[in-house]
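In this note's numbering, the protein residues as written are 159 to 357.
Ideal Cβ positions, reconstructed from N, Cα and C, are used throughout, including at glycine.
Because the structure is a prediction, the values reported are computed rather than measured.
What follows is one structure encoded as structure tokens, with my remarks underneath.
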């Protein structure tokens, strides 16, 4: 038996939950093995590149004003999620079947091929942004975290962003996307029935 084989045999097998420091996920909360409670806010991205320089400056000032009083720590998690473009490609094919105008048909063909190229090259990605706050798992931790998260949600709303507080199914989905970043998830998939997989 080689030295490498011996090293692998001595390693302790750990569960995905232990590896990820997850004790439980219930409602809006993720509970960790080291006695913390976490809550998440999904922030729907906004393309500021479409704004003029003046609009970008105004937007930055609004964000700064709204978040000037935010002194407690938080974390932002940015990810790109693969998107399934099959529905778009099917829709383009439908349009092309009905199209009589040669120029429109040609343009729809180019659009359909561009969707195909994005899929093949793995560039069909959707940006996702998550904000996470946490605290020690004490008696009133959940109430305090939800109060703060709702306050942050309001600040983002006042800054022109759409947000969503994650609940159990979406937290499991987020954890699963973290452990399996190259797998696109289906929106209506039942994540409660899926095991967590660590590659």
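**Prompt:** Looking at the structure shown, is residue 320 part of a helix, part of a strand, or coil, going by DSSP?
**Reply:** Mapped onto the chain shown, residue 320 falls at position 162. Residue 320: coil per DSSP, three-state reduction.
**Asked** According to the Cβ coordinates, are residue 286 and residue 237 closer than 8 Å?
**Response** To locate residue 286, count along the chain shown from 1; it is residue 128. To locate residue 237, count along the chain shown from 1; it is residue 79. Their beta carbons are under 8 Å apart, which means residue 286 touches residue 237 by this criterion.
**Message:** What does the alpha-carbon distance come out to for the pair residue 354 and residue 299?
**Reply:** Start at 1 with the first residue of the chain shown, and residue 354 comes out as number 196. Start at 1 with the first residue of the chain shown, and residue 299 comes out as number 141. Bear in mind that the predicted position of residue 354 carries a pLDDT of just 43, short of 50, making it unreliable; the figure below should be weighed with that in mind. Rounded to the nearest angstrom, the two C-alpha atoms are 26 Å apart.
**Asked** So, do the stretch 247-267 and the stretch 304-314 have three or more beta carbon pairs nearer to each other than 8 Å?
**Response** Fewer than three beta-carbon pairs drawn from the stretch 247-267 and the stretch 304-314 are found closer than 8 Å, and the two stretches are therefore not classed as touching.
**Request:** Take residue 274 and list the residues in its own chain whose beta-carbon comes closer than 7 Å to its own, dropping the five residues that flank it on each side.
**Result:** Counting from one through the chain shown, the residue named residue 274 turns up at place 116. Once the five neighbours on either side are set aside, the close Cβ partners of residue 274 are 247.
**Message:** Looking at residue 290: is its Cβ nearer than 8 Å to the Cβ of residue 233?
**Reply:** Translated into positions along the chain shown, residue 290 becomes position 132. Translated into positions along the chain shown, residue 233 becomes position 75. Yes. Within cutoff.
**Item:** Top-ranked residue by Cα proximity to residue 206, from 215, 178, 258
**Value:** Residue numbering aside, residue 206 sits at position 48 when the chain shown is read from its first letter. Considering only alpha carbons, the answer is 215.
**Message:** So for residue 191, helix, strand or coil by DSSP?
**Reply:** Here residue 191 is taken as the residue at index 33 of the chain shown, counted from 1. If DSSP states are grouped into helix, strand and coil, residue 191 belongs with coil.
**Prompt:** Ends of the beta strand (DSSP E) at residue 204?
**Reply:** Within the chain shown, numbered from 1, the residue matching residue 204 stands at position 46. Residue 204 -> no beta strand (DSSP E), and no H or E assigned at all.
**Message:** What I want to know is whether the C-beta of residue 298 ends up closer than 7 Å to one or more non-hydrogen atoms of the ligand GDP.
**Reply:** No copy of the ligand GDP appears in this structure; indeed no ligand is present at all.
**Message:** Pop quiz: residue 324 and residue 198 are said to be a contact at Cβ under 8 Å. What is the actual Cβ separation, rounded to whole angstroms?
**Reply:** The residue labelled residue 324 in the question sits at position 166 within the chain shown. The residue labelled residue 198 in the question sits at position 40 within the chain shown. That belief holds up - the Cβ atoms of residue 324 and residue 198 are roughly 4 Å apart, short of 8 Å.
**Message:** Let me check understanding here. Comparing Cα to Cα, which of 201, 186, 203 lies closest to residue 195?
**Reply:** Along the chain shown, one-based indexing puts residue 195 at 37. Of the listed residues, the one whose Cα sits closest to residue 195 is 186.
**Asked** When burial is assigned at 16 or more other CB atoms within 10 Å of the CB, is residue 250 buried or exposed?
**Response** To locate residue 250, count along the chain shown from 1; it is residue 92. Residue 250 sits buried, since 16 or more C-beta atoms from the chains shown fall within 10 Å of its C-beta.
**Request:** Would you tell me roughly how many angstroms separate the C-alpha atoms of residue 292 and residue 235, rounded to the nearest one?
**Result:** Reading the chain shown from its first residue, position 134 is the one you call residue 292. Reading the chain shown from its first residue, position 77 is the one you call residue 235. Going from the Cα of residue 292 to the Cα of residue 235 covers about 14 Å.
**Item:** Residues bridged to residue 184 [DSSP beta-bridge criterion]
**Value:** Looking up residue 184 in the chain shown gives position 26. Residue 184 is bridged to 187.
**Request:** Look up residue 238 in the DSSP assignment and say whether it is helix, strand or coil.
**Result:** Position 80 of the chain shown holds residue 238. Reduced to three states, the DSSP call for residue 238 is strand.
**Item:** Where the alpha helix (DSSP H) through residue 259 begins and ends
**Value:** In the chain shown, residue 259 corresponds to position 101, counting from 1. In the DSSP assignment, residue 259 falls outside any alpha helix (DSSP H), carrying neither H nor E.
**Item:** Close beta carbons around residue 178, own chain, < 6 Å, minus the five adjacent residues each side
**Value:** Sequence index remark: in the chain shown, residue 178 carries index 20 (1-based). Closer than 6 Å at the Cβ level, and outside the excluded window around residue 178, lies no residue.
**Prompt:** Within this structure, are the beta carbons of residue 204 and residue 288 separated by less than 8 Å?
**Reply:** Taking the chain shown and counting its residues from 1, the one referred to as residue 204 is at position 46. Taking the chain shown and counting its residues from 1, the one referred to as residue 288 is at position 130. The answer is no: Cβ separation not under 8 Å.
**Item:** Every unbroken beta strand (DSSP E) within the stretch 267-315, with a cutoff of 3 residues, ordered by chain
**Value:** 283-294
**Asked** For residue 229, does the three-state DSSP call read helix, strand or coil?
**Response** What you label residue 229 is simply residue 71 of the chain shown in a count that begins at 1. Three-state result, residue 229: coil.
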